[in-house]
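Respectively, the protein sequence lines represent chains S and G. So the first sequence is numbered by the numbering used here: it starts at 656 and just counts up by one. So the second sequence is numbered by the numbering used here: it starts at 656 and just counts up by one. Backbone N, C-alpha and C define an ideal beta-carbon position, used for all residues, glycine too. Values in this document were obtained by computation on a predicted structure and should not be read as measured data.
Number of protein chains: 2
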Amino acid sequence: MKNLEEISEIITKLKSKEEVCSFLLELLTDSEVIDISKRWRILKMLSCGSTQREISSELKVSLCKVTRGAKIIKDKNAIITKYLKGV
Amino acid sequence: MKNLEEISEIITKLKSKEEVCSFLLELLTDSEVIDISKRWRILKMLSCGSTQREISSELKVSLCKVTRGAKIIKDKNAIITKYLKGV
DNA sequence: TAACATGTTTCTATTAATAGAAACAAAATA
DNA sequence: TATTTTGTTTCTATTAATAGAAACATGTTA
Numbered sequence: 656m657k658n659l660e661e662i663s664e665i666i667t668k669l670k671s672k673e674e675v676c677s678f679l680l681e682l683l684t685d686s687e688v689i690d691i692s693k694r695w696r697i698l699k700m701l702s703c704g705s706t707q708r709e710i711s712s713e714l715k716v717s718l719c720k721v722t723r724g725a726k727i728i729k730d731k732n733a734i735i736t737k738y739l740k741g742v
Numbered sequence: 656m657k658n659l660e661e662i663s664e665i666i667t668k669l670k671s672k673e674e675v676c677s678f679l680l681e682l683l684t685d686s687e688v689i690d691i692s693k694r695w696r697i698l699k700m701l702s703c704g705s706t707q708r709e710i711s712s713e714l715k716v717s718l719c720k721v722t723r724g725a726k727i728i729k730d731k732n733a734i735i736t737k738y739l740k741g742v
C-alpha cells in the first residue's frame, strides 16, 4: 500500500480543496470520477436515512452496489462516517 | 463535479496522511486502489525517465495505458507534475 | 402471528475496460 | 539518409465489472 501512502502524503501538502480536486481529476480516470461521485451520493443518501431501494432507483445503481456502500456506513469507526454528517 | 468538490473539502480537513489514506481506502474499491496505485507507479517511472516500453513490461500494463499516463506528465501546469519530483 | 417493507446475497446476461498485437509517427543516432 | 529506438494510436479478443432479477433474511408493524 506504499503507493497510496505516497499519494496521501502529497494530498496533505495541498493547500486548498480546489488543489485537491484538481489533483484528483488529474490522477483519476473519467469513469473513476463518475463511479466515485456516484458512490459518494450513495453514502450521503444512506447517511440521510434513504432506503436502499430508493437510492437504487433514484441513482440508477443496482441494489447490491448500494449494500456495498452501506457497509462503510455501518463501521462506526470509519472516518467517512464522521464527516458525512456535516455535508 | 459537485460531489468531488465535497470529497476534496473533507480531505483538506484531515490532519495526517494516515487519515487521508484511511479515508481513501474506505471510499475506493479494492480494484480502484490497485489501478490507482499502478497508475502512480507509471507516473513515477515516467518522471524518472524510464521508457514507456520499460514501464509496460516491468509493471505489466499495456503500452496504451502508459501513453495515457504520459499525457498528465506532459502538462507542465499539472499539480501532479510538481510533486512527482519530490517522491 | 401474519403481512409487508427493507436489507443482503447470489446468479447470469450484458456492458465496459483491458491487454496484447500491430501499425504508424516521431525522434535520435550512426 | 538509413536504421533504430521510442511514443502514440487503433483494433480485437479477452477479462472484469455491472445491472437487473430473483431469492432469502431481517426487521417492523398491524
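Inset, instruction - Go through its chain and collect everything with a Cβ distance to S:ILE743's Cβ below 7 Å, but skip five positions before and after it. - result: With chain S covering only 656 through 742, there is no way to say anything about residue 743 of chain S.
Legend entry - Local conformation of S:VAL675 per DSSP, three classes: helix
Legend entry - Residues near S:ARG694 by beta carbon distance below 7 Å, same chain, minus five either side: GLY724
Inset, instruction - Show which residues of chain S have a CB atom less than 9 Å away from the CB atom of G:ARG696. - result: ASN658
Inset, instruction - Kindly indicate the opening and closing residues of the alpha helix (DSSP H) around G:VAL721. - result: 718-729
Inset, instruction - Say whether the region 680-689 of chain G touches the region 697-705 of chain G, bearing in mind that this needs 3 or more beta-carbon pairs closer than 8 Å, one atom from each stretch. - result: no
Inset, instruction - Can you grab the Cα-Cα spacing for the pair S:CYS719 / G:ARG696, in whole Å? - result: 32 Å
Legend entry - Inter-residue Cα distance where the pair is G:ALA733 and G:LEU698: 12 Å
Legend entry - Short CB-CB distance (under 8 Å) between S:LYS714 and chain G: Note that residue 714 of chain S corresponds to Leu in the displayed sequence, not to Lys. By this cut-off, S:LEU714 is not an interface position.
Legend entry - Proximity below 8 Å, CB of G:LYS672 to CB of S:GLU681: no
Legend entry - Span of the alpha helix (DSSP H), counted from its first residue to its last, around G:LEU739: 734-739
Legend entry - Listed by chain order, chain S residues near G:VAL721 by CB distance under 7 Å: Under the 7 Å cutoff, chain S gives no residues; its nearest Cβ is about 14 Å from G:VAL721.
Legend entry - G:SER705 - DSSP class collapsed to helix/strand/coil: coil
Inset, instruction - Using 10 angstroms around the beta-carbon of S:SER663, count the other beta-carbons present and answer buried if the total reaches 16, otherwise exposed. - result: buried
Inset, instruction - Please classify S:LEU698: does DSSP put it in a helix, a strand, or coil? - result: helix
Inset, instruction - Could you tell me how far apart the beta carbons of S:THR721 and S:SER712 are, in whole angstroms, since I believe they sit closer than 8 Å? - result: Inspection of the sequence shows that residue 721 of chain S is occupied by Val rather than by Thr. Not a contact, Cβ separation roughly 10 Å.
Inset, instruction - Tell me whether S:ILE683 sits in a helix, a strand or coil according to DSSP, three-state version. - result: The residue asked about is misnamed: residue 683 of chain S is Leu in this sequence, not Ile. Correct three-state label for S:LEU683: coil.
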